[in-house]
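S.K.:
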Amino acid sequence: MDYECYISELAYSKGLKHAKENAELKLESMGLLIGQVNTYNGKNYLMVQDYITAENQSTAVSVKFSREALSNLTEKFSNRQDKNLFVVGWMHSHPSYGCFLSSTDIATQTACFNQPNNIAVVIDPVLKESNPQDHIRVFRLNENDSRRYSEVSFAIIKKN
Ligand SMILES: [Zn+2]
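The opening position of the sequence shown corresponds to residue 13 in this note's numbering, with each subsequent residue numbered one higher.
So, in structure tokens, the structure goes:
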């Protein structure tokens, strides 16, 4: 395994579609990433299987779930059959302003996704048109300093 994280084509395309739809309205998008931690040759890697979302309350530069939407989402997830899957992080969009974590994003990550395997995926559906190599990045908080974050190496698994 060459990467720390693998994202299924399904999760990627659902997240990108949501980001594109919201970008047309000049809004950010956000959803949860469902997956698991696997081991290969004694090395852990993260496998992101799916992207699930609910109604977003978003503006051009911020996004969050409504309280109701979050409980719907939790319900949607707990109804799934595969109990080995859990919420491994979140994906949100930065339409046209590039992939990084803002101070608000770091606060969200610290509050909600602070486990060692938790990630934050940022996708820029506008940048994808001009710079497809750089429209999606994966981050996690540094273990010893949660105000800082690092990039996680990743690959999107293309279906054959
Ligand atoms: Zn952000």
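We treat Cβ as the ideally placed atom computed from N, Cα and C, and that holds for glycine.
1. Short of 7 Å in beta carbon distance, which residues of its chain neighbour residue 159, apart from the five on each side in sequence? Order them along the chain.
2. To the nearest angstrom, report how far apart residue 127 and residue 60 are at their CA atoms.
3. Does ligand 1 have a heavy atom nearer than 8 Å to the CB of residue 147?
4. Assign residue 23 to one of three DSSP states: helix, strand, or coil.
5. Any heavy atom of ligand 1 closer than 8 Å to the beta-carbon of residue 114?
6. Does DSSP put residue 85 in a helix, in a strand, or in coil?
7. With which residues is residue 173 paired in a DSSP beta bridge?
8. Check whether the Cβ of residue 134 sits closer than 8 Å to any heavy atom of ligand 1, and report yes or no.
9. For ligand 1, is there a heavy atom less than 8 Å away from the beta-carbon of residue 30?
10. Is residue 33 near ligand 1, with its Cβ less than 8 Å from a heavy atom?
11. Have a look at residue 76 and residue 152 and give me their C-alpha separation to the nearest angstrom.
M.R.: Judging by the given coordinates:
1. 118
2. One Cα belongs to residue 127, the other to residue 60, and the distance between them is close to 15 Å.
3. Outside the cutoff, so no.
4. helix
5. yes
6. helix
7. The structure shown has nothing for residue 173, since the chain only spans 13 to 172.
8. Yes, Cβ of residue 134 sits closer than 8 Å to a heavy atom of ligand 1.
9. no
10. Within 8 Å of the C-beta of residue 33 there is not a single heavy atom belonging to ligand 1.
11. 19 Å
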